[in-house]
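S.K.:
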Amino acid sequence: MTLPFGVNIDIRDTVWNRDVMKEYGLGPNGGILTTLKDWDPRSNITADHLLDGLLTADFTYASCRSRYQFAGYRKESSHKPSPYLIAKLRKQEALQKRCGPGTAAYKEAVRRLDSGEGVVDDGCRYLVYISYRGLGNRILAITSSFLYAVLTERVLLVDGGKDAADLFCEPFPGTTWLLPRPGWFSSSPLRRLKGYLGGSKESLGNMLQSDAVTVSAGGNVSWSAPRPPPYLYLHLSGGYGFHDKLFFCGAHQRLLGEVPWLFMWTDNYVVPGLFLTPPFTGELEAMFPEKDAVFYHLGRYLFHPTNAVWHAVTRYYRSNLSSAAQRVGVQIRVFQKKQPPQVVLEQVLSCVRGEKLLPETTAANGTSSHAVLVTSLSSWYYERIRDEFGGRVAGGVHQPSHEGRQRWRDAAHDMRALSEMYLLSMCDVLVTSGYSTFGYVAQGLAGLRPWVMARAPMWADDWREGLDPREPPCRRAASVEPCFHSPSAYDCAAGRDVDLDKVTPYVRRCVDVKCGIKLVNESSSQW
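Numbering (UniProt numbering), first residue to last: 1 to 527.
(1) Using the Cβ count rule (16 or more neighbours within 10 Å means buried), how would you classify T432?
(2) For D497, name the three-state secondary structure that DSSP assigns.
(3) Would you kindly check if the distance between the Cβ of S488 and the Cβ of G395 is under 8 Å?
(4) When burial is assigned at 16 or more other CB atoms within 10 Å of the CB, is L197 buried or exposed?
(5) What does DSSP give as the partner residue(s) for W310 in the beta ladder?
(6) What residues in its chain sit with their C-beta under 8 Å from that of S82, if we drop five residues either side in the sequence?
(7) Which same chain residues end up closer than 6 Å to L190 when comparing Cβ atoms and leaving out the 5 residues on each side of it in sequence?
(8) Mapping the DSSP letters down to three states, classify D159 as helix, strand or coil.
(9) What does the alpha-carbon distance come out to for the pair V120 and V150?
(10) Does the segment 343 to 358 come into contact with the segment 444 to 463, if we say contact requires no fewer than three beta-carbon pairs (one atom in each stretch) closer than 8 Å?
(11) Give me the residue from H485, G174, L430 with the minimum Cα distance to P101.
(12) Taking just the CA atoms, how far does I142 sit from V309?
(13) Closest to P180 by C-alpha separation, out of C169, P171, F172, K162, would be which residue?
(14) For the candidate residues L89, Q336, V480, E420, whose alpha-carbon lies nearest to that of Y148?
(15) Can you give me the start and stop residues for the beta strand (DSSP E) that F263 sits inside?
(16) What whole-angstrom Cβ distance do Q96 and V158 have, given they're in contact under 8 Å?
(17) Report the CB separation of T281 from L236 in whole angstroms; it is logged as a contact under 8 Å.
(18) Quick check on the DSSP output: what are the complete alpha helix (DSSP H) runs of length 4 or more inside the segment 428 to 471, in order along the chain?
(19) Given a cut-off of 8 Å on the beta-carbon distance, is the pair V429 and G329 in contact?
(20) Tell me, which residues are paired with F168 by DSSP?
(21) Just checking, does the segment 194 to 214 make contact with the segment 229 to 248 on the three C-beta pairs under 8 Å criterion?
(22) Where does V330 fall in DSSP's three states?
(23) Buried or exposed for S187, please, with buried defined as at least 16 other CB atoms from any protein chain shown within 10 angstroms of its CB.
(24) Can you give me the C-alpha to C-alpha distance between L448 and E403, rounded to a whole angstrom?
(25) What span of residues does the beta strand (DSSP E) with S222 cover, start to end?
(26) Helix, strand or coil for L147, going by three-state DSSP, please let me know.
(27) Buried or exposed for R42, please, with buried defined as at least 16 other CB atoms from any protein chain shown within 10 angstroms of its CB.
(28) Report yes or no: do three or more beta-carbon pairs, one from the segment 483 to 499 and one from the segment 510 to 524, lie closer than 8 Å?
(29) Counting C-beta neighbours from all protein chains within 10 Å, is the total for F389 16 or more, i.e. buried, or is it exposed?
(30) Looking only at its own chain, which residues have a Cβ that is under 7 Å from the Cβ of F168, when we skip the five neighbours before and after it?
(31) Let me know the beta strand (DSSP E) ranges lying completely inside the segment 190 to 262, each 3 residues or longer, listed in chain order.
(32) Between the Cα of L50 and the Cα atoms of A62, S63, Q69, which residue gives the shortest distance?
(33) Quick one: using the 10 Å Cβ neighbour count with 16 as the cut-off for buried, is K291 buried or exposed?
(34) Which residue from Y233, P472, V344 puts its Cα closest to that of K201?
(35) Specify the secondary structure class of T60 as computed by DSSP and reduced to three states.
(36) Does H79 come out as helix, strand or coil in the three-state DSSP assignment?
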């Protein structure tokens with residue numbers, strides 16, 4: 001007897017038979033047979049599962065159920081990936097498999113990196129993303145890193161921390177995107193990833209200020225040494241300096257192209273900045289004819305919750321949200337501890353009422369067909385919103401968890417956070433908090449333009465800083481794209497700062513971050 005999977009696999013480790021029985025209306029034996037069928041990589045995967053070619057069919061259905069099931073929880077979208085984007089993704093998958101961990105090419109590349117040897121022209125170059133900050137920041141930063149890797153034909157490796165494998169399935173068939181960590185006593189640069197900072201001697205900014213780079217009279221840049229360094233650190237976090245921001249200059253991109261290993265540290269969604277970088281503009285415009293769908297496509301391509309996370313998502317959705325005709329997601333994030341909760345609550349309620357997102361009065365049958373999902377670190381807001389609307393919405397008001405505070409590098413906390421991002425993305429309407437990357441991820445996955453509640457900058461001492469009481473409680477985002485909080489305004493060719501939202505029709509200021517920029521669609525099509 002020939003089976004399409006190893007006989008040492010216990011399907012109960014990844015598939016919950018009770019859920020399969022409920023999902024398909026089956027008995028115990030029917031659930032088991034359906035589960036076995038799911039393990040066949042040739043079964044159950046249709047064009048709808050593949051998101052119009054965005055995904056590949058090279059994974060088994062049950063090994064990562066979210067990969068092919070998530071689309072079924074959203075209404076069909078008119079926003080399709082371009083054939084050019086699909087071709088670039090297939091090319092990247094082949095590169096990841098040819099040069100990724102476990103291959104002879106990767107072993108040789110690491111050896112040359114550790115020994116400090118020069119470049120070898122085998123077509124294998126690498127971009128290592130250094131994990132940084134909370135889960136929302138990391139998801140946006142990984143997306144940015146991946147797109148940069150595609151543009152520069154580099155293998156993406158994610159230094160994702162201890163919980164990366166608990167959160168996401170592998171996105172590339174036949175390989176891993178997780179960086180293998182060197183041993184404790186290794187002197188490899190890969191061992192010191194968390195030690196790099198903006199002023200590190202290996203950083204692009206520092207090298208541009210030293211004699212490592214030569215600038216000609218015509219403005220061309222080149223390495224002063226006979227060969228480029230074996231690796232270089234890119235410091236692109238929120239507080240990066242002028243010379244680090246020269247990453248977005250075309251001349252410096254040509255310089256970086258000669259370096260076999262790049263280590264990127266960022267907590268930003270730098271994608272709009274890549275669109276403004278001359279060497280990449282044409283490629284990006286071809287990949288994304290709809291400029292406001294970059295994260296919508298790449299997020300659905302890259303991020304697939306593991307079966308454990310997906311089980312929590314789908315179980316909660318079926319129990320609390322599935323029967324509602326209209327699901328309203330409210331994401332509340334408070335950055336300044338001194339901001340009075342009542343002020344935040346009034347802002348939420350004013351937004352919901354002003355935009356008529358929930359009924360003000362009880363319908364003829366006593367309730368409306370809405371359900372409300374509240375995500376917040378505090379249960380206080382949920383309880384007040386439940387008291388306000390609970391009797392008017394048939395689907396009820398729900399909050400999956402209330403952690404009290406954000407916990408970085410806590411696997412269980414991150415798994416719950418990821419679950420709630422995906423639950424929000426299954427809503428039909430979103431109200432989010434300004435500056436919040438948690439909300440950006442949810443809106444991007446959902447393909448929804450949220451109503452955004454204003455917040456003072458995260459670094460502000462006073463929660464009222466930059467807020468105008470005359471402004472409405474919330475404003476509609478111009479697109480579903482996340483905001484790039486700290487772009488470079490420097491025009492490298494002109495040698496001066498420019499107004500970024502006047503450079504191209506598809507870059508605009510964010511409604512929540514005054515200095516931030518985001519991608520919009522030139523045709524202003526509505527999602």
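The beta carbon of each residue, even a glycine, is placed where N, CA and C say it ideally should be. Note that the structure is predicted; figures quoted are calculated from it, not measured.
M.R.: Put simply:
(1) Taking the sequence shown and counting its residues from 1, one reaches residue 432 at position 432. That one is buried.
(2) What you label residue 497 is simply residue 497 of the sequence shown in a count that begins at 1. Here D497 sits in strand by DSSP.
(3) Translated into the one-based positions of the sequence shown, residue 395 becomes position 395. Translated into the one-based positions of the sequence shown, residue 488 becomes position 488. Not in contact: G395 and S488 (Cβ atoms no closer than 8 Å).
(4) On the sequence shown, residue 197 is found 197 positions in, with the first residue counted as 1. Flag for L197 reads exposed.
(5) In the sequence shown, counting from the first residue as 1, residue 310 sits at position 310. DSSP output for W310 lists no bridge partner at all.
(6) What you label residue 82 is simply residue 82 of the sequence shown in a count that begins at 1. A286, M287, F288, P289, listed in sequence order.
(7) Within the sequence shown, numbered from 1, the residue matching residue 190 stands at position 190. So the qualifying residues of the chain are P182.
(8) Position 159 of the sequence shown holds residue 159. Strand, per DSSP.
(9) Your numbering for residue 120 matches position 120 in the sequence shown. Your numbering for residue 150 matches position 150 in the sequence shown. Straight-line Cα distance between these residues: approximately 20 Å.
(10) yes
(11) Here residue 101 corresponds to residue number 101 of the sequence shown, with the count starting at 1. Selected option, being the one with the closest Cα: G174.
(12) The residue you call residue 309 lines up with position 309 of the sequence shown. The residue you call residue 142 lines up with position 142 of the sequence shown. Each residue's Cα considered, the two are about 19 Å apart.
(13) Within the sequence shown, numbered from 1, the residue matching residue 180 stands at position 180. When each option's Cα is compared against that of P180, the closest is K162.
(14) Position 148 of the sequence shown, counting from 1, holds the residue named residue 148. That would be L89, whose Cα lies nearest to the Cα of Y148.
(15) Locating residue 263 in the sequence shown gives position 263, counting from the first residue. Element bounds for F263: 261 to 265.
(16) Your numbering for residue 96 matches position 96 in the sequence shown. Your numbering for residue 158 matches position 158 in the sequence shown. Between V158 and Q96 the Cβ distance is about 11 Å, and since that is not below 8 Å, they are no contact.
(17) On the sequence shown, position 281 is the one that residue 281 refers to. On the sequence shown, position 236 is the one that residue 236 refers to. Incorrect: roughly 19 Å between the Cβ atoms, too far for contact.
(18) 437 to 446
(19) Numbered from 1 along the sequence shown, position 429 holds the residue referred to as residue 429. Numbered from 1 along the sequence shown, position 329 holds the residue referred to as residue 329. Yes, the Cβ-Cβ distance between V429 and G329 is below 8 Å.
(20) The residue labelled residue 168 in the question sits at position 168 within the sequence shown. Per DSSP, P305.
(21) yes
(22) In the sequence shown, counting from the first residue as 1, residue 330 sits at position 330. Of the three classes helix, strand and coil, the one that applies to V330 here is strand, per DSSP.
(23) Counting from 1 along the sequence shown, the entry for residue 187 is found at position 187. The residue in question, S187, is exposed, as its Cβ has fewer than 16 Cβ neighbours within 10 Å.
(24) By 1-based counting over the sequence shown, the position of residue 448 is 448. By 1-based counting over the sequence shown, the position of residue 403 is 403. Distance between the alpha carbons of L448 and E403: 26 Å.
(25) Within the sequence shown, numbered from 1, the residue matching residue 222 stands at position 222. 221 to 223 is the span of the beta strand (DSSP E), which, as asked, contains S222.
(26) As a working mapping, residue 147 is identified with position 147 in the sequence shown. It is helical.
(27) Position 42 of the sequence shown, counted from the first residue, corresponds to residue 42. With a pLDDT of 44 at R42, under the threshold of 50, the modelled position of that residue is not reliable, and no figure is offered here.
(28) yes
(29) Along the sequence shown, one-based indexing puts residue 389 at 389. Buried is the call here.
(30) Numbered from 1 along the sequence shown, position 168 holds the residue referred to as residue 168. F303, H304, P305, T306, listed in sequence order.
(31) 213 to 215, 221 to 223, 231 to 235
(32) Working through the sequence shown from its first residue, we reach residue 50 at position 50. Cα-wise, what sits closest to L50 is Q69.
(33) Within the sequence shown, residue 291 is the residue found at index 291, counting from 1. The residue in question, K291, is buried, as its Cβ has 16 or more Cβ neighbours within 10 Å.
(34) The count along the sequence shown starts at 1 and reaches residue 201 at position 201. Answer by Cα proximity: Y233.
(35) Along the sequence shown, read from residue 1 onward, the residue named residue 60 stands at position 60. Residue state, collapsed to three classes: coil.
(36) To locate residue 79, count along the sequence shown from 1; it is residue 79. H79 falls in the coil class under three-state DSSP.
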